[in-house]
Amino acid sequence: FLCNSGAEANENALKLASFHTGKSRVLAFKKSFHGRTSAAVAATDDPKIVAPINAQQQVDFVALGNLDSVESILKKGETCAIIVETIQGIGGLDESTSAFYQGLEKLAKQHHVLLVADEIQCGYGRTGDFFAFQKHGITPDIISLAKGMGNGFPVGGILIHPSFKATFGMLGTTFGGNHLACAAALSVLNVMEEEKLMAHVKEVSRYFMEKAQDLPQLKQVKGRGLMLGLEFDFPIANLRKELIFKHHIFTGNAKNPNLLRILPPLTVKKDHVDQFFKALKEVLADLSH
Numbered sequence: 677f678l679c680n681s682g683a684e685a686n687e688n689a690l691k692l693a694s695f696h697t698g699k700s701r702v703l704a705f706k707k708s709f710h711g712r713t714s715a716a717v718a719a720t721d722d723p724k725i726v727a728p729i730n731a732q733q734q735v736d737f738v739a740l741g742n743l744d745s746v747e748s749i750l751k752k753g754e755t756c757a758i759i760v761e762t763i764q765g766i767g768g769l770d771e772s773t774s775a776f777y778q779g780l781e782k783l784a785k786q787h788h789v790l791l792v793a794d795e796i797q798c799g800y801g802r803t804g805d806f807f808a809f810q811k812h813g814i815t816p817d818i819i820s821l822a823k824g825m826g827n828g829f830p831v832g833g834i835l836i837h838p839s840f841k842a843t844f845g846m847l848g849t850t851f852g853g854n855h856l857a858c859a860a861a862l863s864v865l866n867v868m869e870e871e872k873l874m875a876h877v878k879e880v881s882r883y884f885m886e887k888a889q890d891l892p893q894l895k896q897v898k899g900r901g902l903m904l905g906l907e908f909d910f911p912i913a914n915l916r917k918e919l920i921f922k923h924h925i926f927t928g929n930a931k932n933p934n935l936l937r938i939l940p941p942l943t944v945k946k947d948h949v950d951q952f953f954k955a956l957k958e959v960l961a962d963l964s965h
């Protein structure tokens, strides 16, 4: 099913799960981000963007990696879907273990709950695999997509496991699947294949990790592929400002105030990585004075 944005993809994923199970509660994870509309924003762990009208949605939040908490909630028999980012984006590049994701899939099946993989930020080759969840050997019931799917053009969608039925007219949107969006999405797939971008992502990621080791101020590198975070022992707000205003390099922030979020285009070259670290070292030196 094609739509226009990540929030819309997650809305339809959760709606489909509710239709399929006849249940209404959603299980999501602390520090998650799934969008800014209705059920998607209710499943987002950020009270600042959840309006009173969204509070009608019934969502349980548990810590990423805590299967015991997941099981205790699913045992109540009220949950229609578990929605999870394989790697949390705004949450701070956290990813749990393969044992956790496999356990999540097992519990979902055991309790007849749909597992929704939110691959909007971490999918579409971003990690060097097409989907981030593939590393963990699981098969979600629904996969939500957007962002890299159109390389900047507004397009999103959900992939639905063939084991359950989605009837015609159940989901719909005015502009979803329009010709221009589909042309953009197909072009992205062609470029990814022709330029072998997923192999390129892994190669550049290795190079980035090596360069990062030269930063004495760095606490750790989080994430994988080209979905990365540089964690320091100090808040990075001023660091971000200096990078963008002095060097025209745009980076992201996260719920962790000490984490610099790095998500370059998948076509980024090693020269660009060199340019980034040269600028970063200059800014770090300036800020230390």
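Under my numbering, the residues of the sequence shown are numbered 677 to 965, in order. Using N, Cα and C, we set each Cβ at its ideal position, and we do this for glycine too.
{"Asked": "Proximal residues to residue 849 (C-beta, below 7 Å), its chain only, five neighbours per side dropped", "Found": "679, 680, 684"}
{"Asked": "For residue 755: DSSP bridge partner residues", "Found": "701"}
{"Asked": "Assigned secondary structure, residue 858 (DSSP; H/G/I helix, E/B strand, else coil)", "Found": "helix"}
{"Asked": "Of the residues 701, 928, 766, 724, the one placed nearest residue 746, counting alpha carbons only", "Found": "701"}
{"Asked": "Residue 961, enclosing alpha helix (DSSP H) - first and last residue", "Found": "946-964"}
{"Asked": "Start and end residues, alpha helix (DSSP H) containing residue 922", "Found": "913-923"}
{"Asked": "Per DSSP, cross-strand counterpart(s) of residue 809", "Found": "For residue 809, which the question treats as bridged, DSSP gives no partner whatsoever."}
{"Asked": "Whole runs of the beta strand (DSSP E) within the segment 821-879, excluding any shorter than 3 residues", "Found": "832-836"}
{"Asked": "Close-in-space but distant-in-sequence residues of the same chain around residue 817 (CB under 6 Å, 5 per side omitted)", "Found": "790, 791, 837"}
{"Asked": "Counterpart residues of residue 737 in DSSP-defined beta bridges", "Found": "704"}
{"Asked": "Contacting residues, own chain, Cβ-Cβ under 6 Å from residue 826 (five flanking each side not counted)", "Found": "860, 861"}
{"Asked": "Residue from 944, 733, 896 with nearest C-alpha to residue 879", "Found": "944"}
{"Asked": "Sequence-distant residues of its chain with Cβ nearer than 8 Å to residue 802 (five each side left out)", "Found": "808, 824, 877, 901, 902, 903, 939, 942"}
{"Asked": "Length of the line joining the Cα atoms of residue 768 and residue 897", "Found": "11 Å"}
{"Asked": "C-beta contact flag for residue 928 and residue 832 at 7 Å", "Found": "no"}
{"Asked": "Beta-bridge partners of residue 793, as assigned by DSSP", "Found": "760, 819"}
{"Asked": "Coil, strand or helix - residue 695 by DSSP", "Found": "helix"}
{"Asked": "Three-pair Cβ contact test at 8 Å for the segment 739-757 versus the segment 691-699", "Found": "yes"}
{"Asked": "Own chain partners of residue 794 with C-beta closer than 7 Å, once the 5 adjacent residues on each side are dropped", "Found": "686, 710, 759, 760, 761, 820"}
{"Asked": "Beta-carbon proximity check, residue 781 vs residue 814, cutoff 7 Å", "Found": "yes"}
{"Asked": "Element boundaries [alpha helix (DSSP H), containing residue 717]", "Found": "714-718"}
{"Asked": "Residue from 728, 772, 689 with nearest C-alpha to residue 707", "Found": "772"}
{"Asked": "Given residue 868 as reference, the closest of 894, 717, 805 once Cα atoms are compared", "Found": "805"}
{"Asked": "Per-residue DSSP class, three states only, for residue 896", "Found": "strand"}
{"Asked": "Paired residues, beta bridge with residue 906 - DSSP", "Found": "897, 936"}
{"Asked": "Among 839, 845, 763, 822, nearest to residue 811 - alpha-carbon criterion", "Found": "763"}
{"Asked": "Residue from 911, 949, 734 whose Cα sits closest to the Cα of residue 699", "Found": "734"}
{"Asked": "Residue environment, residue 697, which counts as buried when at least 16 other CB atoms sit within 10 Å", "Found": "buried"}
{"Asked": "Cβ-Cβ distance between residue 847 and residue 677 below 7 Å", "Found": "yes"}
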